[in-house]
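Here is the structure we will look at.
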Amino acid sequence: MHAYLLVGQEGVNLEESISGLAKKLHAKTMEFPLSKIDDTRSLNNLIRLSFSEPTLIVCSGIHEAGDAALNAFLKNLEEPQENIYFVLTAPSVRKVLPTIVSRCEVIRVPGIKRQAVNLGAEEFIKMTTGEKLAYVDKIKDREKAIELAENLINLLHGVLHSQKNGLPETAKNLEVMGKTLRRLKANGNVSLDLTSMVVSLV
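If you count the sequence shown from 1, you need to add 2 to reach our numbering.
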C-alpha cells in the first residue's frame, strides 16, 4: 500500500501516527498542502522527479480540498511511483470523496478523549448488560457510535468463523449490530439505537 488515510482530530495523536508510519516505511516526511488545482499541479511536477529514498508526502485536511484538486490528485493514487508514499488526514471518512477513500488504507486515530471512552470491542463484549448500558450512555457523537458498531461487527465476524459453539447467539448478535449500524447511518437517534442494541444482545 502506498497511500494512507488517517482519520482523527488534529493533535498529538495524529502527528505521532504520521511519525510512526514514516518510521515503519523508513521514509522522510514532506508536508504538502492540497486545496486548489494549482497545488495538485505543483505536486505533480514535484513527483515527476526521481526520489532516491522513500518519501512520505503528508497532505493534511484532505476533506477541505476542492473537487478539481482531488480529481487531479487521483492519478497519483492510481499509479504508484517508486519511493513515494502519501498520507492524507481528515476528521471523518464520510467527509472524504469515496474515490479517494477506496484507494487508501484507512487508519483510525483515536483522540485522547476518545481513548478514555473507547475501551475497545473486546472489552465491551465482556461487560455485563448494566455496564454496556452505562458505556453507551456516554456516547453522544454519531461517528463514535458508528465506529463502535463497526468494531463490534468486525470482532464478531472473526469469532463466528473461529468458534465451534455458540454460533446461533453470535449470528443473532451480528444481526442486531447490523441493524443498529444501518439505523445510525440513516441518522437514527444515537442514544436510542445503542440502548436498543444492548438490550437486544443475547
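No residue lacks a Cβ here, since even glycine has one placed at the ideal position from N, Cα and C.
For F34, three-class secondary structure by DSSP: Looking at F34 - three-state DSSP - the assignment turns out to be coil, as it is neither helix nor strand.
Counted within 10 angstroms of its Cβ, other Cβ atoms place K115 as buried (16 or more) or exposed: Per-residue confidence for K115 stands at a pLDDT of 47, beneath the threshold of 50, marking its modelled position as unreliable; no derived number is given.
Among F88, G160, E81 and T182, the one whose alpha carbon lies nearest that of T172: Per the Cα distances, G160.
First through last residue of the alpha helix (DSSP H) which encompasses R96: Where R96 is concerned, there is no enclosing alpha helix (DSSP H), because DSSP gives it neither an H nor an E.
Spatially closest choice to L186 from N73, L150 and M3, by CA coordinates: Taking L186 as reference, the option from N73, L150 and M3 with the minimal CA-CA separation is L150.
Sequence-distant residues of the same chain with beta carbon closer than 8 Å to G190, five excluded per side: Around G190: no qualifying Cβ.
Three-state secondary structure (DSSP) of T197: Correct three-state label for T197: helix.
Supposed contact pair V9 and R110 - C-beta distance, whole angstroms, cut 8 Å: Their Cβ separation, rounded to whole angstroms, is 5 Å, which keeps R110 and V9 in contact under 8 Å.
Reduced DSSP category for A5 - H, G, I as helix; E, B as strand; rest coil: Of the three classes helix, strand and coil, the one that applies to A5 here is strand, per DSSP.
Proximity winner among A188, R184 and L158, relative to K174 (alpha-carbon distances): Distance check between K174 and each of A188, R184 and L158 places L158 closest, using alpha-carbon atoms only.
Top-ranked residue by Cα proximity to H28, from D40, Y6 and P56: Among D40, Y6 and P56, the Cα nearest to that of H28 belongs to P56.
Boundaries of the beta strand (DSSP E) in which L58 is found, first to last residue: First-last of the beta strand (DSSP E) with L58: T57 to C61.
C-alpha gap between G68 and D40, whole angstroms: Distance from the CA of G68 to the CA of D40, rounded to the nearest whole angstrom, comes to 11 Å.
Inter-stretch contact (C-beta, 8 Å, three-pair minimum) for the segment 18-26 and the segment 46-55: No contact exists between the segment 18-26 and the segment 46-55.
Through-space distance from L176 to N78, alpha-carbon basis: As the crow flies, the alpha-carbon of N78 is around 38 Å from that of L176.
Cutoff 7 Å; reference V200; Cβ partners in own chain excluding five residues on either side: Same-chain partners within the cutoff: T131, K134, L135 and V138.
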